[in-house]
Amino acid sequence: MRKKVIFKGTLLPYLLLAPQLVITAIFFFWPAGQAVYQSFLREDAFGNSVQFVGLENFLDVVNDQTWLDAAGRTLVFSGSVAALALGSALFLAVQADKHIRGADVYKTLLIWPYAVAPAIAAVLWLFMFHPNIGLFGRMLNGLGVPWDYRLNGSQAMLMVIMASAWKQVSYNFIFFLAGLQSIPRSVLEAAAIDGARPARRFWTIIFPLLSPTAFFLLVVNLVYAFFDTFGVIHSLTHGGPGKATETLIYRVYVDGVINVNFGSSSAQSVILMILVVALTVIQFRYVERKVHY
Amino acid sequence: MATLTLQDIKKSFGATAVLHGVDLDVQDGEMIVIVGASGCGKSTLLRIVAGLETETSGEVLIAGQSMKGLEPADRDVAMVFQNYALYPHMSVFQNMAYGLKIRRMPKDEIVRRVDQAAALLGIGHLLQRKPRELSGGQRQRVAMGRAIVREPKLFLFDEPLSNLDAKLRVELRAEIRRLQRRLGVTSLFVTHDQVEAMTLGDRLVVMNAGRAAQIATPMEIWERPADTYVAGFIGSPSMNLLHATLEAGGGAAILDAGGLRLPFADGPRAGAAGRKLTIGVRPEHLRLGEGGLGVMVELVEPLGGESVLHGKLADGTPLTARLPGARYGDGPMQLMLPPELLHVFDGETGKRIEAGG
Ligand SMILES: Nc1ncnc2c1ncn2[C@@H]1O[C@H](COP(=O)(O)OP(=O)(O)OP(=O)(O)O)[C@@H](O)[C@H]1O
Ligand SMILES: [Mg+2]
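These protein sequence lines are chains F and D, in that order. Take 0 as the starting number for the first sequence in numbering that gives the first Met the number 0 and just add one per residue. Take 0 as the starting number for the second sequence in numbering that gives the first Met the number 0 and just add one per residue.
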C-alpha cells in the first residue's frame, strides 16, 4: 500500500517542487526554447542582422545531402550501439543470474563502466586500440591487419560503436538482471519438468518475459546513441576521418559551434528533439500495453 | 504409470544435512502423501525425485530405472507447485500444450488432449485466458491440467492446495483424489495438513527432521503410531503424552503425575521395573469416571455436539480431552483412560513398545 500524503493548500507542494522545477527550467526548457526560437531565424555571415525565415532552416536541413548522409550514418551507429549494448548486457545478465561464486564482485565490476565519464571511456579505448600506443592496436598491426582508425572510416565507426556500447552495457545489465530475477524460479522449474532444455527455456519463457524490459532499454539505448555519445565521438575521432563518424548530434555541434550557423544547428536540434519525444511516446504506449503480470 | 523407489536418499546443502537417508517403495498407481512439520525436508525430497535438486547420496528409481544424472526433462514426471508456476505470458491452452509441443506431438492430438483435460477439470471455458485473469482455484486447476495432459509416469504435488481458502481446499482435495484414482498415475503429494494427508493418501510418509518416522496407511498410523513424534503429529487435537514408569512384571504403567496405575490390556511390556515410558492417549478416548486421572480443567471449547477440554494434571502436565456433549465447566474433573486404547512408548527414544517387546 502506498501512503498518500495530502498537503493543505498548494503553496507547500509547489515550494517543495521548486528546486527541481527551477533546475529543469534553467537547464532544459530555457535552452530548448532558445533552440526552437533560433531555428526560425537566420543570421547573416557577420552577425549583423537577424531575420525570421519560418521553416526555411528545416527545409534546408532535410534537403541537404550531407545531412541525409549523417542521418543514415546515425541510423547505422545507433542501431549497432543498441544491438551490441543490449546483446552483451543480456548475455552477461544471464550469466550473472546463475548461481556462481563471486557473483557480487562480478556484478559490481560490470556496473563500473556506467560511472565512467565519456571522455575517460574514450581514452580507455584509445589506450587499447591506438595503432601506435594501444595494446590491441599494435597487436592487430603486428598480425598484419592494417589497423588505423584515424585513416580508415569503417574502423573509426567500429571504434566509436564499441566504446559507446561499452558504456551503456552496465545500465542495460542492471535492468536485465532485475528482470531476470523477477521471473519466479518455479516457472523455470516447471518448464524444465515440462521438458524444455536451457536454450528453449530461454527463448520461450525468459525472453518473452523480459521483452517489456528489452523494449524499454531499446528506446533508452537509441536515445543514448543519438544524444549522449557526443563525448565519446568527440574524444576519439572528432567525427572523422572525413565525416565517417559524424552523427547527427555531432553535426549539430559542428554547424553550431564551429561553423557558427545557429539557425541550421538549431533546426537540427529541434528535429532530434522531436525524434526523442516520438520515441518516448511510443515507448510509454507500448510498455503500458505489454506488461504480463 | 510406474513404480517409484527411493534408496537411502541423503541430501546436504553445504554443511547442513537436510535428509538423513529416506527409503520408500511406491507401487504402481499408488498415492503417497508426505507429511511433516515445516522445514523437515518434504519439498527437498520431492525436488530430488523431479531432478530439480541432486541427491548427495542414494538413488531414485522410476519404473525400475535409475535416474542418476538425468535432467528433469528426461524423467517423464509432472509437478504441481504451491504457487502454481503457470507461464504468465501464455494462455491457459498454451500453458497446457507447452510440454506436448516440446515433445513434437501432432497439433490435433495436442488439441484433443488439452480439451479432454480441460473438460475433466471444468476449465474448458477458460482456455483463451491468461493466468492473471484467473482466480486461485482456477489457476491451480490449470496447473493440474498441465500435469495431466502430459500423461507422465509420476505426479508430484508440492502443497498444491495451501494457497487456497478452506472451502476450495476441501473441494479440490476430493477432486485430486478422484482424478488420481481415475487416471491411475503414481503420485507423491506433499502437505503439512494432516487432514489432507489422512484423506488423500493410500499410504503416508510422516517425516521428522529429514527422516521418515513412519510409512504406513493412514489408519495404521493413527492406530499404531511408530513413535511419539508421529503420535503427536497425526490426530487433532493431538495425542496426550504422559510420563510414566513400568511396574515390576511389566503388566502396567504408573503415571508420574498422581501415581495412577494403568494396566496394559494387550499384555506385559519387557523391561525392568522403573523403565521410563511415555503413555499416549488420544483426547477422544478419555471418558468421565470416578477413580480416574485428576485434571484441573482451565478452558472448555464447545464444538456443538462435543467439547474440547484443556486442563492440567497435578504436576502441571497439560492434558486435552474431547468429550461428547456441551455442558462442561472449569474446575477439577476425573477422567478414565481406557486400557485397550493406550499407546506405550519408550520414555527415552520415544519408540513404540509393543506387548512383549
Ligand atoms: N537451496 C537450499 N539451500 C540451503 N538450504 C536449503 C535449501 N533448500 C532447502 N533448504 C533447507 O532444507 C530444509 C528443508 O527444506 P524443505 O523446503 O525441504 O522443507 P519443507 O519440509 O518442504 O518445509 P515447508 O513445509 O515449509 O515447505 C530447511 O531447513 C531449509 O532451510
Ligand atoms: Mg516445502
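All residues carry an ideal CB built from backbone N, CA and C; glycine is no exception.
Let's see if you can read the secondary structure: which residues bound the beta strand (DSSP E) around residue 46 of chain D? Note, residue 46 of chain D: premise wrong, no beta strand (DSSP E); alpha helix (DSSP H) at 41 to 49.
**Request:** Can you check the region 13 to 96 of chain F for any alpha helix (DSSP H) of at least 4 residues that lies completely inside it and give the ranges in chain order?
**Result:** 29 to 37, 55 to 62, 64 to 96
query: Excluding sequence positions up to five away, which residues of its chain have a Cβ less than 6 Å from the Cβ of residue 306 of chain D?
result: These residues qualify, in order along the chain: 299, 322, 325, 327.
In the DSSP output, what is residue 332 of chain D paired with across the bridge? D/294
Q) Is the region 74 to 94 of chain D touching the region 182 to 197 of chain F in the sense that three or more CB pairs, one from each, lie closer than 8 Å? A) With the cut-off at 8 Å, the region 182 to 197 of chain F and the region 74 to 94 of chain D touch.
Open item on the list: Helix, strand or coil, according to DSSP, for residue 195 of chain D in the structure here?
Closed with: Residue 195 of chain D sits in a helix when the DSSP states are folded into three classes.
_Between residue 292 of chain F and chain D, is the shortest Cβ-Cβ distance under 8 Å, so that the two count as touching?_
With a pLDDT of only 46 at residue 292 of chain F, under 50, the local geometry of the prediction cannot be trusted, and no value is derived from it.
> If you compare alpha carbons, which of D/282, D/297, D/315 is closest to residue 334 of chain D?
Replying inline: A check of alpha carbon separations from residue 334 of chain D across D/282, D/297, D/315 identifies D/282 as the nearest.
Please tell me whether residue 280 of chain F has its Cβ less than 8 Å away from any Cβ of chain D. no
Can you tell me the Cα-Cα spacing of residue 181 of chain F and residue 186 of chain D, whole angstroms? 31 Å
Members of the region 76 to 110 of chain F that neighbour chain C once the beta carbon cut-off is set at 9 Å: Considering every chain present, this structure includes no chain C. Its protein chains are F and D.
* To do: Kindly indicate if chain F contains any beta-carbon less than 8 Å away from that of residue 49 of chain D.
  => yes
Looking at ligand 1, does it come within less than 7 Å of residue 15 of chain D, judged from the CB to the closest heavy atom? Yes, the beta carbon of residue 15 of chain D sits closer than 7 Å to at least one heavy atom of ligand 1.
Q. Which same chain residues, not among the five before or five after residue 266 of chain F, have their C-beta less than 6 Å away from its C-beta?
A. 38, 56, 57, 60
What are the residues in the region 213 to 246 of chain F lying within 9 Å of chain D by C-beta distance? none
### Query
So, does the CB of residue 0 of chain F fall closer than 8 Å to a CB anywhere in chain D?
Residue confidence for residue 0 of chain F is low, a pLDDT of 46 falling below 50, so the modelled location carries little weight and cannot support an answer.
Just the chain D side, please: which residues come within less than 7 Å of residue 204 of chain F by C-beta, in chain order? Those are 86, listed as they occur along chain D.
### Query
Roughly how many whole angstroms lie between the Cα atoms of residue 112 of chain F and residue 56 of chain D?
45 Å
For the region 153 to 166 of chain D, which residues have a beta carbon sitting closer than 7 Å to at least one beta carbon of chain F? none
inquiry  = In this structure, how does DSSP classify residue 184 of chain F when only helix, strand and coil are distinguished?
reply    = helix
request  = Would you give the residue range spanned by the beta strand (DSSP E) that residue 95 of chain D belongs to?
outcome  = Run containing residue 95 of chain D: none in the beta strand (DSSP E); it sits in the alpha helix (DSSP H), 91 to 101.
Helix, strand or coil for residue 272 of chain D per DSSP? coil
Query raised in the report: From what residue to what residue does the alpha helix (DSSP H) around residue 211 of chain F run?
Result: 206 to 222
Going by DSSP, what residue range makes up the alpha helix (DSSP H) through residue 185 of chain D? That residue, residue 185 of chain D, is in no alpha helix (DSSP H); its beta strand (DSSP E) goes 185 to 190.
Using a C-beta to C-beta distance shorter than 8 Å, which residues of chain F count as neighbours of residue 101 of chain D? Here the neighbours are 193, 194, 195, 199.
Checklist entry - Interface residues of chain F around residue 98 of chain D at Cβ under 7 Å? => result 193, 194
- Task: Pick helix, strand or coil for residue 122 of chain D, following the three-state DSSP scheme.
- Result: coil
Assigned exposure category for residue 273 of chain F - 16 Cβ within 10 Å defines buried:
Counting Cβ neighbours within 10 Å, residue 273 of chain F comes out exposed, since fewer than 16 surround it.
Is the beta carbon of residue 192 of chain D within less than 7 Å of some heavy atom of ligand 2? no
- Message: Looking at ligand 2, does it come within less than 7 Å of residue 158 of chain D, judged from the CB to the closest heavy atom?
- Response: yes
If you follow the alpha helix (DSSP H) that residue 302 of chain F is part of, which residue opens it and which one closes it? Since the first and last residues shown for chain F are 0 and 292, residue 302 of chain F lies out of range.
For the beta strand (DSSP E) holding residue 244 of chain D, just list the boundary residues, first then last.
Its beta strand (DSSP E) spans residues 239 to 245.
* Asked: When the Cα of residue 129 of chain D is compared with those of D/141, D/120, D/162, which residue comes out closest?
  -> D/141
- Task: Identify whether residue 0 of chain F lies in helix, strand or coil by the three-state DSSP scheme.
- Result: Per-residue confidence for residue 0 of chain F stands at a pLDDT of 46, beneath the threshold of 50, marking its modelled position as unreliable; the derived number appears in the next sentence. Residue state, collapsed to three classes: coil.
(message) If you follow the beta strand (DSSP E) that residue 35 of chain D is in, where does it begin and where does it stop?
(response) 30 to 35
Output needed in chain order: residues of the region 52 to 67 of chain D with a Cβ under 8 Å from some Cβ in chain F.
From the region 52 to 67 of chain D, no residue has a Cβ closer than 8 Å to chain F.
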